[in-house]
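Participant: Sequential numbering from 7 applies to the sequence shown in the numbering used here.
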Amino acid sequence: MSTAKAPAPVEVTLARPHTHNGRAHQPGDKIEVTADQKVWLEKRGVIGHTHQKQEASNG
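(1) Of the residues Leu47, Arg50 and Thr40, which one's Cα is nearest the Cα of Lys11?
(2) Return the bridge partner residues of Glu17 from the DSSP annotation.
(3) For the beta strand (DSSP E) holding Arg29, just list the boundary residues, first then last.
(4) Using only the alpha-carbon positions, how far apart do Ala21 and Lys49 sit?
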């Protein structure tokens, strides 16, 4: 049995219709994917490029 952790899921917003885990999703829907799946979806234009949220600074 492996002790490796499963990769943490990443939430993405679809830009185009897409079927994920056997379910049809529409633009604007949010789905959870792995980091590798996110890259695959970005390359195909299924999701827009996502940016890390930056914390607001008090200054």
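Every residue gets a Cβ at the ideal spot worked out from N, C-alpha and C, and that includes glycine.
Facilitator: Based on what the coordinates show:
(1) Numbered from 1 along the sequence shown, position 5 holds the residue referred to as residue 11. Out of Leu47, Arg50 and Thr40, Thr40 has the C-alpha closest to the C-alpha of Lys11.
(2) Along the sequence shown, read from residue 1 onward, the residue named residue 17 stands at position 11. Beta-bridge pairing links Glu17 to Glu38.
(3) Here residue 29 is taken as the residue at index 23 of the sequence shown, counted from 1. From DSSP, the beta strand (DSSP E) with Arg29 extends over Arg29 to His31.
(4) By 1-based counting over the sequence shown, the position of residue 21 is 15. By 1-based counting over the sequence shown, the position of residue 49 is 43. Cα-Cα distance, rounded: 12 angstroms.
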